[in-house]
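Taking it in order: structure first as structure tokens, then the write-up.
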Amino acid sequence: MECQVEKKEHFRHLLLFAFNHDGEDAKATKAAREICAVYGEDAMPERMARWWFSRFKNKKFNLKDAARSGRPVQFDEDRLNQLLHENPRQSTRELAEQLTCDQKTVVNHLHLMGKVQKLGAWVPHALSQNNRLQRSMIAAGLLARHRATHGHKQRFLYRIVTGDEKWCVYINMKQRKELLRPKKQATPRAKQELNPWKTMLCVWWDWEGIIHYEILANNEMVNADLYVQQMHRLNEAIHQKRPDRRYGVLLQHYNARPHIANMTKAAIQTLNWEVLPHPPYSPDLAPSDFHLFRSLSNNLRGISFSNDVELRTWLDEFFESRPGDFYRRGIEKLVERWEEVVNNNGEYIIH
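Whatever position you read off the sequence shown (first residue = 1), add 362 for the working numbering.
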């Protein structure tokens with residue numbers, strides 16, 4: 363498994379190859395889309411590709427991160443994403459304080475990650491007119507299906523099984539601001555490591571609760587082979603925990619590369635499941651993102667784990683301790699969000 367820095371450099375080599383292969387008139391946007399088609403839609407933001415192409419045109423071909431005196435070259439973008447997910451209305455100064463880095467570093471990484479600010483909140487992508495149209499059309503279609511089956515035994519929302527992946531770090535620092543006199547210095551804090559030990563949580567649930575979850579090996583990521591195996595394990599869990607389910611599963615998952623690979627589609631077809639359409643760049647329409655993971659992140663603050671056993675024990679208790687209607691509300695919120703996307707012409711939902 364490649365480490366994060368090596369993966370970034372690999373993408374930069376691909377950009378340089380595209381630049382050299384097609385000449386200086388090569389389109390950075392085309393190169394970024396080709397990389398995303400293979401590695402996932404968020405692998406290479408178009409802005410980042412354009413930035414590297416501008417370097418190449420100026421005869422700057424060094425693909426390494428520039429070293430800075432007295433500062434590490436690594437930056438924890440996963441932590442930055444987590445902070446933005448918890449509260450997208452934070453300023454770059456507030457984010458820099460939590461990441462113990464300078465404000466300019468945060469600004470640069472937000473730019474490279476393709477983040478844009480809308481009405482004071484950071485969102486994942488600058489939506490094009492086509493993106494907004496896709497979001498509106500898909501939301502309208504799902505809303506129509508829900509309304510067509512509302513009140514019927516074959517309830518649309520009841521059939522939805524949703525899932526996603528999330529990084530869980532083993533040391534979750536909880537920082538609080540101090541109220542001090544103007545000239546008094548704040549209490550020094552130990553600096554959190556930029557790349558703490560972390561593991562990926564893969565979880566699937568419906569409006570009755572958690573159906574199945576897995577914790578991957580340290581720093582392991584999901585690929586198509588693993589995701590196909592997970593789909594079969596999820597199927598077994600559905601038969602065990604939802605034996606009274608009389609209708610087919612409606613699988614709602616984000617359109618990451620492993621989720622839409624041909625082998626994944628074939629496996630899901632053999633299970634006789636239907637995959638609900640999900641527009642690109644739309645975590646605001648994924649219940650795991652806007653509901654389950656938000657609650658999980660809030661409860662993880664200040665919690666530390668020594669090993670997978672401790673993490674798994676904590677997750678078991680967290681999932682079981684949610685209020686009785688917690689999971690149902692997460693699925694039902696989809697209807698409100700579909701309506702909001704349609705009414706706002708495909709714009710992001712920021713709240």
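Built from N, CA and C at the ideal position, the CB exists for glycine as well.
Remember, it's a predicted structure, so these values are computed and weren't measured experimentally.
Contact holds between the region 368–380 and the region 410–429, because three or more Cβ pairs, one in each stretch, are under 8 Å apart.
It is roughly 21 Å from the alpha-carbon of L647 to the alpha-carbon of M562.
Among the bridge pairs identified by DSSP, C564 is matched with E527 and E576. Under the 10 Å beta carbon count, I693 is surrounded by 16 or more other beta carbons and is classified as buried. Between P641 and Q496, the CB-CB gap stays under 7 Å. Short of 7 Å from the beta carbon of S644, and not among the five residues preceding or following it, lie these beta carbons of its own chain, in chain order: R497. Nearest to C564 by C-alpha distance, out of Q592, N420 and L474, is Q592. Contact between Y689 and G571 holds, since their C-beta atoms are separated by about 5 Å, short of 8 Å. Here W566 really is in contact with I573; their C-beta atoms are around 5 Å apart, less than 8 Å. The DSSP-derived three-state label of S650 is helix. In this structure, A380 lies near A393, with their beta-carbon atoms less than 7 Å apart. For A579, the closest of V671, W676, T467 and R409 by C-alpha to C-alpha distance is V671. C-alpha of L461 to C-alpha of R455: approximately 10 Å in a straight line.
Counting only runs of at least 4 residues, the region 583–610 fully encloses the following alpha helix (DSSP H) elements, listed from N- to C-terminal order: 586–603.
When C-alpha distances from E698 are compared across L633, L658, H508 and R395, the shortest belongs to H508. Residue range T454 to L461 is occupied by the alpha helix (DSSP H) that includes Q460. At least 7 Å separates the beta-carbon of D438 from that of W529.
Boundaries cannot be given for L638, as no beta strand (DSSP E) includes it and DSSP labels it neither H nor E. With a contact defined as Cβ atoms closer than 8 Å, Y532 and F415 miss out at about 38 Å. Boundaries of the beta strand (DSSP E) around L612: L612 to H615. In the DSSP assignment, G571 is bridged to D568. The region 586–605 and the region 647–663 do not touch, with fewer than 3 CB-CB distances between them shorter than 8 Å. Take the alpha-carbon of N420 and the one of W413: they are about 11 Å apart. Annotated three-state conformation of S668 is coil, per DSSP. Taking all protein chains shown into account, M410 has 16 or more neighbouring C-beta atoms within 10 Å of its C-beta and is therefore buried. The C-beta of V400 has fewer than 16 other C-beta atoms within 10 Å across all chains shown, which makes the residue exposed. Proximity to E527 across L474, H594, Y589 and V468 peaks at Y589, based on C-alpha coordinates. In the structure shown, I397 adopts helical secondary structure according to DSSP, grouped into three states.
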